[in-house]
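Asks: Structure provided below as structure tokens; questions to follow.
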Amino acid sequence: MGQALVVLALIWVALNGLDGWWLGLLAASAGAVAGAMLASGQPHPWRPHRLAGFALFFLVESFKGGMDVAWRALKPDLPIQPEFRRYRLDLPGGQPRTLMVSVISLLPGTLSADLSDDGRELVVHLLMPEAMDSVSRLDRRIRHLFSLEPRESADE
7 MGQALVVLAL IWVALNGLDG WWLGLLAASA GAVAGAMLAS GQPHPWRPHR LAGFALFFLV
67 ESFKGGMDVA WRALKPDLPI QPEFRRYRLD LPGGQPRTLM VSVISLLPGT LSADLSDDGR
127 ELVVHLLMPE AMDSVSRLDR RIRHLFSLEP RESADE
């Protein structure tokens with residue numbers, strides 16, 4: 007919860023400066039408490055110094071995903087090969103797995119379609135088969151953010 011408080015407070019200062027710092031501290035505290043209450047599973051502390059790299063990856067991939075959607079809307083004759091693929095989730099439950107399932111839909115050409123009852127398998131809708139590469143990259147980035155071991159095998 008302490009890391010969340012610091013990050014939220016820094017975001018407040020970055021957006022608003024020091025004006026109203028007391029309100030920012032109150033808002034950051036409320037956000038950190040709410041996040042702690044809503045988080046499920048075992049806590050997996052992330053590394054603040056790795057957050058910038060993940061944030062940059064997230065922003066770039068989200069932008070690419072938005073551009074891909076816009077381009078396909080303007081050029082409906084672009085070839086697509088839609089398919090569903092199963093992706094084995096061996097990330098620990100809680101924050102790492104929730105982040106993975108949530109962020110996949112923002113990657114270019116991907117969408118989280120279904121999650122198994124036990125949370126160990128994700129069905130991903132792909133516009134093109136090569137979009138699965140970005141799912142694997144996201145998995146690696148999340149593992150790095152949370153200092154988790156690399157994925158055991160490259161299979162999906």
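Quick note: the sequence shown uses the working numbering, first residue 7, plus one each step.
By construction, the Cβ of each residue, glycine as well, lies at the ideal position given by its N, Cα and C atoms.
Small disclaimer: the values here were computed from a predicted structure and weren't measured.
Which residue marks the beginning of the alpha helix (DSSP H) containing Glu155, and which one marks its end?
Replies: Run containing Glu155: none; DSSP gives neither H nor E here.
Asks: For the structure I just gave you, are there three or more beta carbon pairs, one from the region 128–140 and one from the region 89–99, closer than 8 Å?
Replies: In short, these stretches touch, since the Cβ pair count reaches three.
Asks: My assumption, with CB atoms under 8 Å, is that Pro54 sits in contact with Val109. Please give the rounded CB distance.
Replies: Their Cβ separation, rounded to whole angstroms, is 18 Å, which puts Pro54 and Val109 out of contact at 8 Å.
Asks: Scan the region 73–142 and note each continuous alpha helix (DSSP H) run of 4 residues or more that stays entirely inside, going in chain order.
Replies: As far as the region 73–142 is concerned, its whole alpha helix (DSSP H) runs of at least 4 residues are 101–110.
Asks: Can you give the Cα-Cα distance for Phe63 and Arg143, rounded to whole angstroms?
Replies: Straight-line Cα distance between these residues: approximately 10 Å.
Asks: Measuring alpha carbon to alpha carbon, tell me which residue in Arg147, Ser68 and Leu133 is nearest Met106.
Replies: Here the closest residue by C-alpha is Arg147.
Asks: Output needed for Gly115: all residues of its chain with C-beta closer than 7 Å, excluding positions within five of it in sequence on either side, in chain order.
Replies: These residues qualify, in order along the chain: Asp74, Leu132, Leu133, Met134 and Ala137.
Asks: Classify Gln101: buried if its beta carbon has 16 or more other beta carbons within 10 angstroms, exposed otherwise.
Replies: It counts as buried.
Asks: Do you know offhand how far Asn22's Cα is from Ala34's?
Replies: Whole-angstrom Cα-Cα distance: 13 Å.
Asks: Below 8 Å on the Cβ atoms is my guess for Arg103 versus Gly72; work out the distance and round it to an integer in Å.
Replies: The Cβ separation is near 25 Å, so there is no contact.
Asks: Give me the Cα-Cα distance between Ser122 and Gly30, rounded to the nearest whole angstrom.
Replies: If you take the alpha carbons of Ser122 and Gly30, they lie about 39 Å apart.
Asks: Compute the distance between the beta-carbons of Ala38 and Leu57, then report whether it is under 8 Å.
Replies: Cβ atoms of Ala38 and Leu57: not closer than 8 Å.
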